[in-house]
Amino acid sequence: SAAAPRPWRLFGAMCLLRLPRITQPLEKEEEEMAALMQQIELEKSLYSDHEIRKLEEEEQLRRKKESLYDEDEALGKTVVMAQDLEEKWEQKFLQFKAAPRITDADKSNDRTSLNRKLDSNLMLLVKQKIGNQELWLLPQVEWQPGETLRSTAERAMATFLG
Numbered sequence: 012s013a014a015a016p017r018p019w020r021l022f023g024a025m026c027l028l029r030l031p032r033i034t035q036p037l038e039k040e041e042e043e044m045a046a047l048m049q050q051i052e053l054e055k056s057l058y059s060d061h062e063i064r065k066l067e068e069e070e071q072l073r074r075k076k077e078s079l080y081d082e083d084e085a086l087g088k089t090v091v092m093a094q095d096l097e098e099k100w101e102q103k104f105l106q107f108k109a110a111p112r113i114t115d116a117d118k119s120n121d122r123t124s125l126n127r128k129l130d131s132n133l134m135l136l137v138k139q140k141i142g143n144q145e146l147w148l149l150p151q152v153e154w155q156p157g158e159t160l161r162s163t164a165e166r167a168m169a170t171f172l173g
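Numbering (my numbering), first residue to last: 12 to 173.
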């Protein structure tokens, strides 16, 4: 007589994914295209409010040097010149330090940290014993009668994450 077939065992699993936190580095062609697009946008752009203000201030300074400047023109105007603003912004920019793309967790190859591989997807895998083998799998548990697959998957996460 043939052995009775084993009943199916259903498992529920959940995929927990950490999306990239920074963009991937640009390829050479992408950098060239970005530079080209920036140049085109610069050539076709209109003056910003700041640039218009700077041009007006330069015109006022030129007229003042030529003694055509009317002191009444400056009444009620702000004292901060556009050039001063640019210098302030430049100082602020020079103080800015971008965070490194390679973290300490990357350097030490800490595979338990979420603060690694910032430009890639990270997926939670757990080591589970299946038969005689230990395999890296998505967190999974066996389905219990009367339970939805969603609640099975949620139970799997609760089991492995605490």
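Where a beta carbon is used, it is the ideal one built from N, C-alpha and C, also for glycine. Note that this is a predicted model, so its numbers are computed, not measured.
Closest option to Val91, judged by alpha-carbon separation, among Arg73, Thr159 and Lys65: Lys65. Short of 8 Å from the beta carbon of Leu37, and not among the five residues preceding or following it, lie these beta carbons of its own chain, in chain order: Ala45. Exposure of Trp100 is indicated by the presence of fewer than 16 other C-beta atoms within 10 angstroms of its C-beta.
Distances from the alpha-carbon of Asp115 to those of Ala109, Asn126, Leu57 and Leu105 put Asn126 closest. Collapsing the DSSP output to three states places Phe104 in a helix. Shown here, Ile63 sits in a helix according to DSSP, grouped into three states.
In the structure shown, Gln35 adopts coil according to DSSP, grouped into three states. For Ala15, no beta strand (DSSP E) segment is defined, and its DSSP state is neither H nor E. In the structure shown, Met134 adopts extended strand secondary structure according to DSSP, grouped into three states. In this chain, the beta strand (DSSP E) harbouring Leu148 covers Gln144 to Leu148. When DSSP states are grouped into helix, strand and coil, Leu125 belongs to the coil group. Each of Ala110, Glu69 and Glu43 was checked against the Cα of Leu129, and the nearest Cα belongs to Ala110. Cα atoms of Thr159 and Thr123: separation of roughly 30 Å, rounded to the nearest angstrom.
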